[in-house]
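Chains as they are written, first to last, in my numbering: chain R, 10 to 457; chain Y, 88 to 471.
We treat Cβ as the ideally placed atom computed from N, Cα and C, and that holds for glycine.
These numbers come from a predicted model, not from an experiment.
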């Protein structure tokens with residue numbers, strides 16, 4: 010006879026708890042979603058806008074949100090249609106997506122990876138969104154992209170410029186319209202050579218996280234390719250506020266150029282403080298000292314005021330472009346909100362339309378069908394000229410803008426001027442380029 | 088006490104003083120030697136020292152206010168950073184007020200949508216002419232000092248009478264929670280009105296840019312160049328600190344406050360309403376934080392969480408200086424500012440990577456291990 014401590018009730022209780030525990034992590038990829046996660050069943054479809062509404066990038070996030078709301082209006086046939094009128098694909102007709110009215114929910118990432126993941130998870134589990142769009146910060150984008158891959162949701166990354174987003178951290182369910190650090194370096198290099206020559210000694214101050222590292226690596230490679238030397242690369246904490254302790258050593262470093270691999274508030278502060286230290290008026294080895302900000306945004310430019318005058322940088326898109334797509338978007342956005350859209354607003358607006366268009370062309374919301382429709386998709390009329398979503402890494406390839414701080418601004422929006430539209434061919438790279446190596450796109454996850 | 092005993096006590100005090108001075112001088116020389124050994128040149132050392140002093144000036148001012156509140160009311164005020172932030176936004180507010188404009192339509196120019204351009208002309212320019220009007224706007228930050236003092240006194244009074252006084256007899260944990268909550272509320276209110284982005288509040292043109300300090304101290308040209316406004320900030324801070332100490336040391340009001348800080352009950356038994364004086368001190372501490380903030384605006388463009396960023400460091404400064412010690416707070420502020428500045432140098436980071444992000448906490452640990460009451464802490468404070 011054997012003695013057992015198990016009781017029927019105990020076994021049932023333990024089994025129920027263990028079952029719930031095992032089921033919980035797989036909820037997001039459970040087969041209870043009619044073939045794919047959050048398959049829409051009614052007359053509406055819901056998408057999630059996960060952007061920073063508080064924290065250091067809140068202004069960028071709020072501008073993204075404005076643009077996304079505008080995109081929903083246009084998808085649902087309201088307003089003037091914006092870029093739907095200029096988009097080369099004509100699959101969208103203003104009656105929602107696949108005949109379903111588009112609704113949206115928003116989340117606040119606070120520019121924190123853990124908060125952003127929790128927010129995206131809530132939108133997927135609680136609100137039943139079919140796609141997550143937006144965000145500012147590469148750390149956040151990579152974190153949310155990983156979550157969406159596990160959940161079987163398409164992630165359209167917002168303002169993320171790290172090479173890693175579509176490099177070593179790329180995912181089959183993730184797509185990026187925004188350009189990246191490599192492209193900034195490739196676009197800026199020749200312009201910097203033409204403006205400042207090939208004999209320069211550059212000092213880098215770099216934000217100490219994925220975006221800063223890859224941006225610095227890209228800028229160092231592109232400036233060394235034109236003959237510049239690299240004096241130092243100093244990593245600075247994100248959100249340091251006062252960068253004076255990092256700027257002061259530049260004075261006696263022998264460098265004649267300062268490259269600020271900073272973004273957002275950090276860039277506003279470090280640039281302002283560099284100017285206060287007299288670097289823009291300084292001469293080193295008979296050359297005028299120069300400052301470069303590889304990644305610009307209009308909101309940052311406004312924050313930095315006159316300090317950005319004459320400072321070179323790069324952008325994904327700018328409202329001053331003269332193509333029909335840009336004009337249509339600026340008109341829609343400007344009339345609704347009273348000011349021109351930022352680059353991050355543009356990219357989030359475009360991605361919402363691109364996702365909707367892919368659903369229409371695929372004839373399904375199934376993430377794998379949508380991903381297939383996006384991979385290798387070539388389009389035009391969205392403000393960047395002919396563009397392609399490369400199938401190998403889900404990175405958009407298009408023209409890049411080299412910008413300069415306006416030296417004699419005529420109005421409050423006249424902060425940056427377009428120096429050059431760098432053609433796509435100059436910023437393109439092979440999918441196995443060393444700066445993007447190490448990752449695996451994997452396979453699409455529908456969540457079923 | 089006999090004369091011999093008194094002389095012996097004086098001699099012991101002198102000996103203690105000399106030992107302390109020797110430790111400080113020895114430590115100072117050791118640091119200089121170490122810096123020279125790792126390749127820090129004299130000009131680099133001077134620039135980093137200046138930078139540390141200007142950083143330390145802000146830490147010292149905030150820590151001074153924190154200590155004033157803690158020393159008088161016994162409250163650990165986590166909303167003190169928010170007071171610094173409100174001070175900084177007084178500069179922004181003054182700038183906005185002076186820039187209030189009238190709008191005219193200029194049909195000859197177009198806006199970004201192709202409509203006739205709306206031209207904004209500040210009223211001060213309209214009233215006083217281009218030159219004088221622009222000069223007034225240019226001096227917005229110094230003018231904001233006139234705004235910040237009454238505003239901060241009022242904010243301090245409202246905060247103390249309206250909320251904090253109800254927590255005097257509550258545990259420190261309750262005080263921390265309520266003041267921390269208040270700090271969050273104040274930050275969010277500021278974000279609601281001013282947005283989340285940093286807002287430029289430049290120094291007047293006369294004080295913007297930099298000056299060559301190296302030439303003044305016999306070094307070569309362009310080796311020690313430092314922003315003028317940071318130098319102004321250092322001297323401004325020194326003046327405020329001196330004024331607070333003079334107020335406490337040389338006025339009857341200050342004498343009563345010092346007595347109250349040492350023994351509140353006895354002062355109360357003498358028929359003095361010490362609570363009223365302590366409320367005034369809360370207002371003064373708020374004004375000091377506000378002044379620190381308004382003058383810091385050209386150095387670091389104000390944003391709504393700026394107070395939180397300074398608060399943690401300032402608490403470390405207070406603890407390192409010694410809870411309740413005003414000279415300790417000032418000394419620790421400058422000391423940690425200078426150390427933080429040197430830790431950001433490449434030569435130092437090459438030896439200990441990431442030291443710039445932990446130096447303050449590392450030094451705090453070392454000092455507290457060696458001197459548990461901080462540099463100048465008093466026995467019995469926060470030890471119950």
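Scanning the region 418 to 462 of chain Y for uninterrupted alpha helix (DSSP H) segments of 4 residues or longer gives 433 to 438 and 442 to 457, listed from N- to C-terminal end. Counting only runs of 4 or more residues that sit fully inside the region 158 to 202 of chain Y, the alpha helix (DSSP H) segments are 167 to 185, in chain order. Excluding residues up to 5 positions away in sequence, 176 and 177 lie with their Cβ nearer than 8 Å to the Cβ of residue 446 of chain R in the same chain. The continuous beta strand (DSSP E) containing residue 314 of chain Y extends over residues 312 to 314. Not a single C-beta of chain R is nearer than 7 Å to the C-beta of residue 101 of chain Y. For residue 414 of chain R, no alpha helix (DSSP H) segment is defined; the enclosing uninterrupted segment is the beta strand (DSSP E) at 409 to 414. At a beta-carbon threshold of 7 Å, the residues of chain R lying near residue 312 of chain Y are 260, 286 and 287, ordered along the chain. In the structure shown, the three-state DSSP call for residue 404 of chain R is strand. Sorting R:112, R:117, R:242 and R:391 by C-alpha distance to the C-alpha of residue 440 of chain Y places R:242 at the top. For the region 238 to 263 of chain R, the set of residues with a beta-carbon nearer than 7 Å to any beta-carbon of chain Y comprises 241, 243, 246, 250, 251, 253, 254, 255, 257, 258, 260 and 261, in chain order. The beta carbon of residue 333 of chain Y sits closer than 6 Å to none of the beta carbons in its chain outside the five residues before and after it. The bridge partners DSSP lists for residue 57 of chain R are R:114 and R:141.
For residue 391 of chain R against residue 92 of chain R, the beta-carbon gap comes to about 6 Å, under 8 Å, which counts as contact.
When DSSP states are grouped into helix, strand and coil, residue 118 of chain Y belongs to the helix group.
Cβ-Cβ separation between residue 147 of chain Y and residue 324 of chain Y: approximately 6 Å, consistent with a contact (criterion under 8 Å).
Under the Cβ distance rule, residue 135 of chain Y counts among the residues neighbouring chain R, one pair being separated by less than 7 Å. Within chain Y, no residue has its CB atom less than 8 Å from the CB of residue 218 of chain R, the nearest being about 13 Å off. Its Cα nearest to that of residue 414 of chain R, the residue R:318 stands out among R:155, R:318, R:146 and R:238. Neighbours of residue 221 of chain Y in chain R, taken as residues whose beta carbon is under 8 Å from its own, are absent, since the nearest beta carbon is some 14 Å off.
Beta-bridge partners of residue 184 of chain R (DSSP): R:165. Under the Cβ distance rule, residue 166 of chain R does not count among the residues neighbouring chain Y, no pair being separated by less than 7 Å. DSSP links residue 216 of chain R through a beta bridge to R:245.
Per DSSP, reduced to three states, the secondary structure at residue 254 of chain R is helical. Residue 76 of chain R and residue 60 of chain R have their alpha carbons spaced roughly 12 Å apart. Looking from the CA of residue 245 of chain R, the closest CA among R:269, R:106, R:203 and R:337 belongs to R:269. Per DSSP, the continuous beta strand (DSSP E) segment holding residue 270 of chain R begins and ends at 266 to 270. Of R:389, R:367, R:249 and R:52, the smallest CA-CA separation from residue 443 of chain Y is found for R:249.
Comparing alpha-carbon positions, the option among R:103, R:203, R:114 and R:284 lying closest to residue 411 of chain R turns out to be R:203. Within the same chain, and ignoring the five residues on either side of residue 284 of chain R in sequence, the residues whose Cβ sits closer than 7 Å to its Cβ are 316. Those residues of the region 332 to 346 of chain R placed with their C-beta closer than 8 Å to a C-beta in chain Y are 339, 340, 343 and 344, ordered along the chain. Not flagged as an interface residue toward chain Y: residue 305 of chain R, since no C-beta distance is shorter than 7 Å. For residue 431 of chain Y, the closest of R:254, R:129 and R:441 by C-alpha to C-alpha distance is R:254. By the neighbour-count criterion, in which a residue is buried when 16 or more other Cβ atoms sit within 10 angstroms of its Cβ, residue 451 of chain R is exposed.
At a cut-off of 7 Å between C-beta atoms, residue 67 of chain R counts as an interface residue with respect to chain Y.
Only 196 from the region 177 to 197 of chain Y bring a Cβ to less than 9 Å from some Cβ of chain R.
Excluding the 5 residues flanking it on each side, residue 314 of chain Y has same chain C-beta neighbours closer than 6 Å at 297, in chain order.
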